[in-house]
Amino acid sequence: MVAEIGRQPWIVYGLQRAAHAHSTNVSAGMTLFTLLGFMGLYALLGMFYLVLVLRVIAQGPSAGGAEGHGLVPHDASNSGTEAHA
Amino acid sequence: MINTIWFIVISLMLTIYALLDGFDLGVGALHLLVGQTDEERGRAIGTIGPVWNGNEVWLIASGGALVVAFPHAYATAFSGFYLALMLVLWLLILRGIGIELRHQIDNALWRQAFDVTFCVASALLAVLFGVALSNVMRGVPFDANGEFLGSFELLLNPFALLGGVLSLILLSLHGAAYLALKTDGDLHDRAWRYIGILWWPAVAGIALIVIASFLVRPDFTANFARWPLLIVWPLLALAALIGLRLVWMRRQEQQTFIASSALIVGLLASVFSGLFPYLLPAIAGSTQPGLDIYNSAAPPYGLATALAIYLIGMAIVLTYLVRIYRVWSGKIAHGTSYHP
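Chains as they are written, first to last, in our numbering: chain A, 1 to 85; chain B, 86 to 425.
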């Protein structure tokens, strides 16, 4: 976004203005239609994403993933005898 | 000379795309028909699961090659075909959504909804790619500025619609051959039957479009007269079409897939041979000549540099493409479904 906003009003800095760079045959109406189309598609995708992520959150952490790597708790009594072995 | 090389590079990349994403689209168009149960449909999607994303990239890469080598053609074509290309883009997105979200929730309605999305998007994509190629063959009306506006009446002319239907038939045939290669059991048998069913409309469609192309572009055969060696491509297509039926009757799976691939290669190479040197011909009555590889090319330095980089890149891509298909070779197991 920084790049896109920052380079206005140039599309190619020092050589061409953004206002001169549009396709002459593509009307504003077509662009608006496709923009709304993309927004709609992404809104749909976003809704699916929300549904799926909320489901995963609601399921909670799985039992299998909580074990394994990390600190392994051990008996205090065992460690004392092994250290002096 | 280097313009010709770039023309061949782009033709090759589009052909590879048609071969690879062709069977993805074919599997998508057919999977509701060949897969009667949820498990079978999951398995059908599983055949293309690991590879469909990489296959689609060949389309992007072909577009990229067009940007690099023939920017004027890219600019004119993509703005002229604006709405049609946006539709293709949306269908590609929907096809991907259909595959990737299908298995996320264990619910029959959820799976059904995304199966239908995947199927319809794949079928429409197959049709639209055929329409696009036919329109490129037929030419577009250039105005005084050297641009054109591709309205839907212009793009959905009878020749293009014929091309679209033929594309759907051929890609479905290709997808069925791939499915038969990668599955076993009932799914395999049904896919095998569909190859036989689809062969007849394929023959009819190819015959019709060959006749129609002589009417739409009578000068199409000029290149074949000038370089007689190019006749090898239509002959390859013909041999593949007949050979496909023969190896199918002998129940040879690998040869059937090879024949289907050779058919697509032969047809596309014939189209590109006839099109050369034009990238976007002008239809009769245009004020401007069409865009060819000379008047729409980037400067020679750019072409040469890009070609060197592209050849290295393509070598790497082809190497891992072969590797990926070797890794995923063989029939997929029952109960497989695509979980990325």
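Positions of the beta carbon are idealized from the N, C-alpha and C atoms, including for glycine.
Being a predicted model, the structure only gives us computed values, none of them experimental.
In this structure, does DSSP put residue i in helix, strand or coil?
i: residue 16 of chain A; result: strand
i: residue 282 of chain B; result: helix
i: residue 367 of chain B; result: strand
i: residue 84 of chain A; result: Low per-residue confidence applies at residue 84 of chain A: pLDDT is 47, beneath 50, and the placement is therefore not dependable enough to give any value.
i: residue 26 of chain A; result: coil
i: residue 136 of chain B; result: coil
i: residue 377 of chain B; result: strand
i: residue 405 of chain B; result: helix
i: residue 188 of chain B; result: coil
i: residue 219 of chain B; result: helix
i: residue 147 of chain B; result: helix
i: residue 417 of chain B; result: coil
i: residue 384 of chain B; result: coil
i: residue 268 of chain B; result: coil
i: residue 372 of chain B; result: coil
i: residue 88 of chain B; result: helix
i: residue 236 of chain B; result: coil
i: residue 47 of chain A; result: helix
i: residue 62 of chain A; result: coil
i: residue 121 of chain B; result: coil
i: residue 231 of chain B; result: coil
i: residue 399 of chain B; result: helix
i: residue 110 of chain B; result: helix
i: residue 79 of chain A; result: No answer about residue 79 of chain A holds up, because its pLDDT of 48 lies below 50 and its placement is not dependable.
i: residue 241 of chain B; result: coil
i: residue 91 of chain A; result: Residue 91 of chain A lies beyond the range of chain A shown here (1 to 85); nothing can be said about it.
i: residue 93 of chain B; result: helix
Would you grab the beta carbon distance between residue i and residue j for me? Rounded to a whole angstrom, and I think it's under 8 Å.
i: residue 326 of chain B; j: residue 353 of chain B; result: Not quite, the Cβ-Cβ distance comes to about 14 Å (not below 8 Å), so this is no contact.
i: residue 235 of chain B; j: residue 169 of chain B; result: 6 Å
i: residue 70 of chain B; j: residue 56 of chain A; result: Only positions 86 to 425 of chain B appear in this structure, which leaves residue 70 of chain B out of reach.
i: residue 225 of chain B; j: residue 165 of chain B; result: 6 Å
i: residue 250 of chain B; j: residue 212 of chain B; result: 7 Å
i: residue 161 of chain B; j: residue 365 of chain B; result: 7 Å
i: residue 91 of chain B; j: residue 392 of chain B; result: 7 Å
i: residue 293 of chain B; j: residue 254 of chain B; result: Incorrect: roughly 11 Å between the Cβ atoms, too far for contact.
i: residue 287 of chain B; j: residue 277 of chain B; result: Actually they are not in contact, since the Cβ atoms of residue 287 of chain B and residue 277 of chain B sit about 16 Å apart, beyond 8 Å.
i: residue 433 of chain B; j: residue 309 of chain B; result: As shown, chain B starts at 86 and ends at 425. That puts residue 433 of chain B outside it, with no answer to give.
i: residue 203 of chain B; j: residue 184 of chain B; result: 6 Å
i: residue 115 of chain B; j: residue 261 of chain B; result: 6 Å
i: residue 350 of chain B; j: residue 321 of chain B; result: 7 Å
i: residue 244 of chain B; j: residue 223 of chain B; result: 5 Å
i: residue 409 of chain B; j: residue 136 of chain B; result: 6 Å
i: residue 218 of chain B; j: residue 176 of chain B; result: That belief does not hold up - the Cβ atoms of residue 218 of chain B and residue 176 of chain B are roughly 16 Å apart, past 8 Å.
For residue i, which residues does DSSP report across the bridge?
i: residue 10 of chain A; result: A:17
i: residue 225 of chain B; result: B:367
Does the beta carbon of residue i come closer than 9 Å to any beta carbon on chain D?
i: residue 189 of chain B; result: No chain D is present in this structure, whose protein chains are A and B.
May I ask you to check if the CB of residue i is nearer than 8 Å to at least one heavy atom of the ligand GDP?
i: residue 345 of chain B; result: By its list of ligands, the structure shown contains no ligand whatsoever, and the ligand GDP lies outside what it can speak to.
Every unbroken alpha helix (DSSP H) within the segment 302-361 of chain B, with a cutoff of 4 residues, ordered by chain: 307-311, 317-334, 338-360
At a Cβ cut of 7 Å, what residues of the segment 29-40 of chain A count as close to chain B, listed as they run along the chain? 30, 34, 37
Restricting to runs no shorter than 4 residues, where is the alpha helix (DSSP H) found entirely within the segment 149-176 of chain B? 156-165
By the 8 Å beta-carbon criterion, what residues does the segment 358-377 of chain B contribute toward chain A? none
Within 7 Å of chain A by C-beta, residues of the segment 171-187 of chain B in sequence order: 171, 175, 178, 182, 186
Members of the segment 143-168 of chain B that neighbour chain A once the beta carbon cut-off is set at 7 Å: 164, 165, 167, 168
Which residues, in chain order, does the segment 197-218 of chain B contribute to contact with chain A at a C-beta distance below 8 Å? none
Taking any Cβ of chain A, which residues in the segment 221-252 of chain B have a Cβ under 8 Å from it, in chain order? 230, 232, 233, 234
Of all the residues that make up the segment 109-131 of chain B, which are near chain A by a beta-carbon distance shorter than 9 Å? none
Select from the segment 11-24 of chain A all residues with a C-beta closer than 8 Å to any C-beta belonging to chain B, and list them in chain order. 23, 24
Residues in the segment 43-54 of chain A having any Cβ partner in chain B nearer than 7 Å: 45, 48, 52
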